[in-house]
Structures are given as structure tokens and as C-alpha cells.
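**Q**
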Ligand SMILES: Nc1ncnc2c1ncn2[C@@H]1O[C@H](COP(=O)(O)OP(=O)(O)OP(=O)(O)O)[C@@H](O)[C@H]1O
Ligand SMILES: [Mg+2]
């Protein structure tokens, strides 16, 4: 089954075109990695797929599990199973993690026609998912991401992913800021959530993460286009050679 | 009506006013008239009233109930109280008249509580000692007017070292067959070491235009502790000018929360003076407004003694075309060493049309002090909204969570647990349902 299909996607922000015709197709049960130099549009792609209001889609379409993704409001994309782990998770002072997660979870249940979760079931679920990424219970009474270290924020993203059980997870540089142990914990968390029905789109600059989360396909995004798609060996090659040769090949072929 | 018309009405009806009041009240009127004629109503040229021209509010030809006609209100019917968490000793004012209820149990031996009119007749020594003692009439405002026309209101006197745990609640209802101006007066006296929690709930019926010019004076003795909660839940047709005066003795502490949840036009002025060292004041406010509402809070904290602490936190959430104003003056007098003062005013304008004016003002004449102030006007955090939406929280709910979090910082400072949760609930209700009907006392429903 096709999880996500992006066709000729163009998007701009503040009148500046950032995505210039993205084509990408992700099958259920597969892991895709996106690599590419800084500023090439990786986070833009994640944001556009999630429905960030600052971006305007000027052309193209995206189909998520057979539905028109771009027509849905952000929260419905989430309810339908799209999750984005933020490159820069946002602090929300005054909103406790518990309240935040309870609201998110129950909104999803409401969308699916289910009753709100009972308080005991909710607490059980929280504990189970916290254990998965080894997130201390004390974080639950704190405001969302407030005063969390960089690594704790990323761990919190995966915790939220575990709670919401998405079918497609976009992980935008979830590995940045993580120490070696945390990287392993987070990656194991992601892997344990993997099923034949779920997919992941992993954005990263480093092979490190891909050692744990093994991609089926690797893409290189450059200047708003996917300039190369290959198997996992491409990541290793990039680690060794950098992007220049690829960019040169791309520019030569477009001359 | 002009300022001079009010003087005229006063002169013409002096005998009527006096006969419906008490000698203790009447004794203050000549000076009040002199002050009123000298200073009058503040208008927008007056520095303390830059964004609220209350002289306009007094311009219509309001009626006043100087003949003490009994108003057809049955407050116990209007306010059935069944709050699970909040048990209070409740009193009622209809406009400015105290409504007597049978079988009101005495709070604690020695405590005087009830109608200002009755108490000032039956115990003129007690009331005469305090009434008007901390009220400033020598400047533009409504205190002089209130003193000219006051005939009743409410009083609590807590004797030395007596602590009242159960909150005293005063529910005031502006209503009647005609539009009216009412001048109620509230006198709160805490003798040395006394303790009181007082909740003032201000309501109005939406059917009539009403204006209230009220004065709340609080004399807080040495070592005494006052918690004062003022909750305005009136309606769009209501205008309110409320002058608070608080004088604090040595080592006393006061917490005051001024909450404007439903209103029409409101001007609150809070004057506080530290008469002895070691005292502390926590002064907080929340204003939530939409439509064409207007909320103006002014505070003046007078650090007239050493070693006192004042901390102010005011937050506004303005929607639609509503306007808000906050001006906070802190005066640290010469010699008031080791003063600590912090003032914060944070505001959210939800629409382009809403306006907020904020003006901190520090005057410091002592050198060993720690004073800070900060003011911001902003919008809800777009990044946080998107983050929440990505997690499946719809925009409306996400905005709600941010607004509650914003107000929560003030609500969290309310010392009384049961009241904090109750008021938090009311704020949430207000934010969720907008300027929906406020019928009767929400605290009591
Ligand atoms: N608000 C904005 N206005 C104008 N340009 C923007 C705006 N936001 C992002 N951009 C530009 O869009 C381009 C793509 O940014 P994006 O964040 O998608 O890159 P990225 O591939 O995720 O980079 P990195 O690896 O550094 O995270 C950059 O050139 C960036 O400067
Ligand atoms: Mg990025």
C-alpha cells in the first residue's frame, strides 16, 4: 500500500520558492531517509506536509493513505496518522505535558469516534510510553519542553510519537543534540514502533542514525529538488564524499 | 450632566441624603463637596486617566436612589449558592443597599460585619474612627463624589488577633427599574494581627445602563493579613469606577486580586500605602474583554516605609475591538531603604482592532532598593499553536490552552486553594464562551 505520494510539489514562503517540484513515494512498512545540505528545503518539506500556515503550496499534490493531504487542516493530518518530530521543538510555558498529551490524545479519539480515555488508562499509557524512551516521570508535570535540554526535547518528541502511534513519522533531525546513549534509546524507540503498516521519513545529516534506523531508500534534496534517490549505500557514500560531486552532476545534467 | 450639576443635586438634596444615612457619614460631606468642587471628575487630560475619560461616563442624567426607595430585588433568589468547594459567609448589596438576611450566624465573637449604614448608626465610635481615614479626596477622582452621596454599603471589622478562616463574600447587584448611579462604600478594618479573606462579586443586570462609583477602603493593622478578591462579572451596559484605598501597618501583608471577566466599561484605581516597615503587598489583576469593552487598571503603590515588598502582576487578554489600559506607579520615598518592588504587565491582543495601553512609572528617592518593571503586548505564540496542531489539537483548543496558560500565571498566585480552582474555572468558562450571558453570580453557580 502506498503511504504517501508527493507529485511535483512546489511551495513558497514569503514569496520565495523553496520547494521546486518534489516527487516522492513512500510505501507502507518502509523507511526513507532524506539528506541534503543546509537550507536545501528538508524542514520546509516536513512543514508543508504538516500544514504549516506560513508556507503556500503553489503547485502539485500530496496523497496520504489515499486522501488529499493538502486539503486537510493540520490537526486532521495528525489524526489521520501523520506525525512530525520538530527539528526545533517548541516550548509552551504554562501548559503541562500531561494536559498537552491528554488533550492531543483525546482530540484524536474524538476524531476517530472514540470516547475520551479513562484517567487510569491514560496514566498507564503514559508510563508505558515514557519507559520506551526512558523519559523521567518528572517531565510530565513540567510545561511542554520548557527547561528541557536539547536532548530531552528530542526524546520528548519520540515519546509523543509513541503515544500518538502515527502511521507516517517525519523525523526532522531527531538525532541532532543527542548524546550517544540517547541516540540509541531514541532509535530503538523508533524501531520498536515500526510495523508493516507504518512508515518513516528520516531527515538527517549523519550516517550514525541510519546505522540504527535502517533506511530502505535514501534521497538527496538540493535547492528544493530531489537530485538523487538510491539505496542505503548512498548515505555511506555521502558520508565519505560529501555533496559536491552530486550537486555537480546535477548541475551538469541540467545545463 | 456636568460637574456642577452633581454639586447642585447634592446641595438640593442634602437633607434627604443625610436623613437616609448616619451622622458619621454626614460629618464627612462638607469636606467632600469642597474637594469635589475643587478637583472634579478627571478627564482625559488628567495624567492618571489618560485612556479613560470618566467625566463622559457621568455625563448622562443618571438617577440616584437618595430617598432610599426599597428596590424590588430578592438577591437570595437571584443567587443560589451551591459551590462545592467554596463555602463563604455571604452578604448582599442591591445597588448600594445592604439586604438583610435572617439567621446569618455570627462569624466569630467580636467581629462586626454587615450594613455600613446600620453599623455606623449603632456604633458611631468604631465607624467614625475609620470611615474616610485612608481615602484620598484631594485629587480628581470619584472618592469625593462617593463621600458626598454615600448612604450605605458594607463593613467588616476584625478585632485584634482574630482570624477568620471562612471567606466573607459580598455579592453586589446593580439592578432596578431605571438606569441608576450608585455610590456604595465598603469599609474593611483589620486590627493588629487580624486575618480576613474577602471576596467581592460585582454583578449587574444587562437590562439597564448602570454606573457605579464605589470606594473600598481597607485599614490593615500591624501584623494583619488581608486577602481581597474582587471579581467583576457585570454586563455590557455597566460602567464601574472603583477606588480602592489600602493602608498597611508594620509587618502586615495583603494579597489583592482584581479580576474583570465580564463588564462594560471599568476603571479600577488601587492606592496602597505602607505605613510601617516590613509589610508586603501582592497586587494582581486579570482582564478578559471582547466586544467594545474597556478595562483600565491604575495602581499607585506608595513605599513610605523601609523594608516593604510590593509585587504586581497584571495580565490582559483583549479580543474584538476591546481596549485595555494599565498604569502602575511605584513611589519609593526618601529613606525607604531595602524596598523590593516588582511590577509586570503582560498583554495579549487577539485582534488587530484591540488596543492595549501600558505605562509603568517608577519614582525612586532611596538608594538601597530593588525595583523592576516590565510590560509586553503581544499575540499568541504562532509556533506553539502550530506545534499543538501538529499533535492533533485543533486551533480553537490550542488557543484556549495558551490563553489559560497565560492567565494561569496570575491565578496560580491566589493563595486560597478553593478560590483559585473556582476562579480558574470561571476564567476558563469566560474564555470558552466569550461574552456570553452572565446571569447572577457565577461563583455561586
Ligand atoms: N520565513 C522565511 N522567509 C524566507 N526564507 C525562508 C523562511 N524560512 C525558511 N526560509 C529559507 O528556506 C530555505 C530552506 O530552509 P529549510 O529550513 O527547509 O532547510 P533545511 O534543509 O531544513 O536546512 P537544515 O539542514 O539547516 O535544517 C532556506 O534557504 C531558508 O533560509
Ligand atoms: Mg531543517
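Residue numbers (our numbering), protein chains in the order written: chain D, 1 to 255; chain R, 1001 to 1445. Backbone N, C-alpha and C fix where the C-beta goes; we use that ideal spot for every residue, glycine too.
With residue 1094 of chain R as the anchor, note down where its beta strand (DSSP E) starts and where it stops.
**A** Looking up residue 1094 of chain R in the second chain gives position 94. 1089 to 1094 is the extent of the beta strand (DSSP E) around residue 1094 of chain R.
**Q** In its own chain, which residues sit with a C-beta less than 7 Å from the C-beta of residue 1003 of chain R, not counting the 5 before and 5 after it?
**A** Taking the first residue of the second chain as position 1, residue 1003 of chain R is located at position 3. Excluding sequence neighbours, residue 1003 of chain R sits near 1040 and 1041.
**Q** Taking residue 1064 of chain R and residue 1149 of chain R to be in contact with their CB atoms under 8 Å, please state how far apart those CB atoms are, rounded to whole angstroms.
**A** To locate residue 1064 of chain R, count along the second chain from 1; it is residue 64. To locate residue 1149 of chain R, count along the second chain from 1; it is residue 149. Correct: roughly 6 Å between the Cβ atoms.
**Q** Let me know if residue 1304 of chain R comes out buried or exposed under the rule of 16 or more other beta-carbons within 10 Å of its beta-carbon.
**A** As a working note, residue 1304 of chain R is residue 304 in the second chain. The residue is buried, with at least 16 neighbouring Cβ atoms inside 10 Å.
**Q** Select from R/1152, R/1390, R/1171 and R/1181 the residue whose C-alpha is nearest the C-alpha of residue 78 of chain D.
**A** What you label residue 78 of chain D is simply residue 78 of the first chain in a count that begins at 1. Among R/1152, R/1390, R/1171 and R/1181, the Cα nearest to that of residue 78 of chain D is on R/1390.
**Q** List, in order along the chain, the chain D residues whose C-beta lies closer than 9 Å to that of residue 1221 of chain R?
**A** For the purposes of this step, residue 1221 of chain R is identified with residue 221 of the second chain, where counting begins at 1. Chain D residues near residue 1221 of chain R: none, gap ~37 Å exceeds 9 Å.
**Q** Give the range of the beta strand (DSSP E) segment to which residue 1378 of chain R is assigned.
**A** Start at 1 with the first residue of the second chain, and residue 1378 of chain R comes out as number 378. Run containing residue 1378 of chain R: 1369 to 1378, per the beta strand (DSSP E) assignment.
**Q** Please compile the residues from chain D whose C-beta is within a distance smaller than 9 Å of the C-beta of residue 1401 of chain R.
**A** Numbered from its first residue, the second chain carries residue 1401 of chain R at position 401. In chain order: 92, 94, 95, 99, 100 and 103.
**Q** How is residue 149 of chain D classed by DSSP in three states: helix, strand or coil?
**A** Within the first chain, residue 149 of chain D is the residue found at index 149, counting from 1. Three-state DSSP puts residue 149 of chain D in coil, outside helix and strand.
**Q** Check the Cβ of residue 164 of chain D against every Cβ in chain R and list those closer than 8 Å, keeping chain order.
**A** In the first chain, counting from the first residue as 1, residue 164 of chain D sits at position 164. What residue 164 of chain D touches in chain R: 1391 and 1392.
**Q** Against chain R, with Cβ distances strictly below 8 Å, would residue 84 of chain D count as a contact?
**A** Along the first chain, one-based indexing puts residue 84 of chain D at 84. Cβ-Cβ to chain R under 8 Å: yes for residue 84 of chain D.
**Q** Do we get a CB-CB distance below 8 Å when we pair residue 129 of chain D with the residues of chain R?
**A** Along the first chain, one-based indexing puts residue 129 of chain D at 129. Not closer than 8 Å to any Cβ of chain R, the Cβ of residue 129 of chain D fails to qualify, so no.
**Q** Against chain D, which members of the stretch 1404 to 1422 of chain R pass a CB distance test of less than 7 Å?
**A** Listed by position along the chain: 1405, 1406, 1408 and 1409.
**Q** Indicate the three-state DSSP secondary structure (helix, strand or coil) for residue 1239 of chain R in the structure shown.
**A** The residue labelled residue 1239 of chain R in the question sits at position 239 within the second chain. Looking at residue 1239 of chain R - three-state DSSP - the assignment turns out to be strand.
**Q** Given that residue 119 of chain D touches chain R, what residues does it touch there, using C-beta distances under 9 Å?
**A** Within the first chain, the letter at position 119 stands for residue 119 of chain D. The premise fails here: residue 119 of chain D is roughly 17 Å from chain R at the closest Cβ pair, so nothing lies under 9 Å.
**Q** Once the 5 residues before and after residue 111 of chain D are set aside, which same chain residues still bring their CB inside 6 Å of it?
**A** Translated into the one-based positions of the first chain, residue 111 of chain D becomes position 111. These residues qualify, in order along the chain: 79.
**Q** When you compare the CB of residue 74 of chain D with every CB in chain R, is at least one pair closer than 8 Å?
**A** Position 74 of the first chain, counted from the start, is the residue given in the question as residue 74 of chain D. Yes, contact with chain R.
**Q** How many angstroms separate the CA atom of residue 1100 of chain R from the CA atom of residue 1243 of chain R?
**A** Along the second chain, one-based indexing puts residue 1100 of chain R at 100. Along the second chain, one-based indexing puts residue 1243 of chain R at 243. Straight-line Cα distance between these residues: approximately 25 Å.
**Q** Determine whether the Cβ of residue 1397 of chain R lies closer than 8 Å to any Cβ atom of chain D.
**A** If you number the second chain from 1, residue 1397 of chain R lands on position 397. It does; some Cβ of chain D falls within 8 Å.
**Q** In the DSSP assignment, find the beta strand (DSSP E) that holds residue 1433 of chain R and state where it starts and stops.
**A** For this step, residue 1433 of chain R is matched to residue 433 along the second chain. No beta strand (DSSP E) holds residue 1433 of chain R; the alpha helix (DSSP H) holding it covers 1417 to 1433.
**Q** Are residue 1183 of chain R and residue 1145 of chain R touching if we call contact CB-CB under 8 Å?
**A** As a working note, residue 1183 of chain R is residue 183 in the second chain. As a working note, residue 1145 of chain R is residue 145 in the second chain. Yes, they are a contact pair.
**Q** Select from the stretch 40 to 74 of chain D all residues with a C-beta closer than 9 Å to any C-beta belonging to chain R, and list them in chain order.
**A** Here the close residues are 47, 50, 51, 52, 53, 54, 73 and 74.
**Q** Should residue 1062 of chain R go down as buried or exposed, given a rule of 16 or more other Cβ atoms within 10 Å for buried?
**A** Looking up residue 1062 of chain R in the second chain gives position 62. Buried, by the Cβ-count rule.
**Q** Could you tell me whether the stretch 192 to 204 of chain D touches the stretch 8 to 20 of chain D, using the rule of 3 or more Cβ pairs below 8 Å?
**A** Too few Cβ pairs lie closer than 8 Å, so no.
**Q** If we count the other Cβ atoms within 10 Å of its Cβ and call it buried at 16 or more, is residue 1432 of chain R buried or exposed?
**A** Here residue 1432 of chain R is taken as the residue at index 432 of the second chain, counted from 1. With fewer than 16 other Cβ atoms within 10 Å, it is exposed.
**Q** According to DSSP, is residue 1213 of chain R helix, strand or coil?
**A** Position 213 of the second chain, counted from the start, is the residue given in the question as residue 1213 of chain R. Looking at residue 1213 of chain R - three-state DSSP - the assignment turns out to be strand.
**Q** Following the continuous beta strand (DSSP E) through residue 1325 of chain R, name the residue where it begins and the one where it ends.
**A** Here the question's residue 1325 of chain R lines up with position 325 in the second chain. Element bounds for residue 1325 of chain R: 1323 to 1332.
**Q** Apart from the five residues just before and just after residue 96 of chain D, which ones in its own chain have a Cβ nearer than 8 Å to its Cβ?
**A** Here the question's residue 96 of chain D lines up with position 96 in the first chain. 140, 141, 142, 143 and 144.
**Q** Is residue 1070 of chain R close to chain D, meaning its C-beta is less than 8 Å from at least one C-beta of that chain?
**A** Numbered from its first residue, the second chain carries residue 1070 of chain R at position 70. Judged by the 8 Å Cβ criterion, residue 1070 of chain R is not in contact with chain D.
**Q** Could you check whether the Cβ of residue 1383 of chain R sits closer than 8 Å to any Cβ belonging to chain D?
**A** The sequence position of residue 1383 of chain R within the second chain is 383, counting from 1. Chain D, which has a Cβ nearer than 8 Å to the Cβ of residue 1383 of chain R, makes this yes.
**Q** Could you please give the first and the last residue of the uninterrupted beta strand (DSSP E) stretch that includes residue 1128 of chain R?
**A** Translated into the one-based positions of the second chain, residue 1128 of chain R becomes position 128. Element bounds for residue 1128 of chain R: not the beta strand (DSSP E) but the alpha helix (DSSP H), 1124 to 1130.
**Q** For residue 1193 of chain R and residue 1116 of chain R, what's the separation of their Cα atoms in angstroms?
**A** For this step, residue 1193 of chain R is matched to residue 193 along the second chain. For this step, residue 1116 of chain R is matched to residue 116 along the second chain. Approximately 23 Å between the Cα atoms of the pair.
**Q** Can you grab the Cα-Cα spacing for the pair residue 1298 of chain R / residue 1340 of chain R, in whole Å?
**A** As a first step, residue 1298 of chain R must be located in the second chain, where it is residue number 298. As a first step, residue 1340 of chain R must be located in the second chain, where it is residue number 340. Answer to the nearest angstrom: the Cα atoms are 20 Å apart.
**Q** Does residue 248 of chain D have its Cβ less than 8 Å from a Cβ in chain R?
**A** Here residue 248 of chain D corresponds to residue number 248 of the first chain, with the count starting at 1. Not an interface residue.
**Q** Just to confirm before moving on: does the CB-CB distance between residue 1246 of chain R and residue 1127 of chain R stay below 8 Å?
**A** Here residue 1246 of chain R refers to the residue found at position 246 when the second chain is read from its first residue. Here residue 1127 of chain R refers to the residue found at position 127 when the second chain is read from its first residue. It is not a contact, given that the beta carbons lie outside the stated cut-off.
**Q** In whole angstroms, what separates the C-alpha of residue 1091 of chain R from that of residue 1152 of chain R?
**A** Numbered from 1 along the second chain, position 91 holds the residue referred to as residue 1091 of chain R. Numbered from 1 along the second chain, position 152 holds the residue referred to as residue 1152 of chain R. So the two alpha carbons sit approximately 13 Å from each other.
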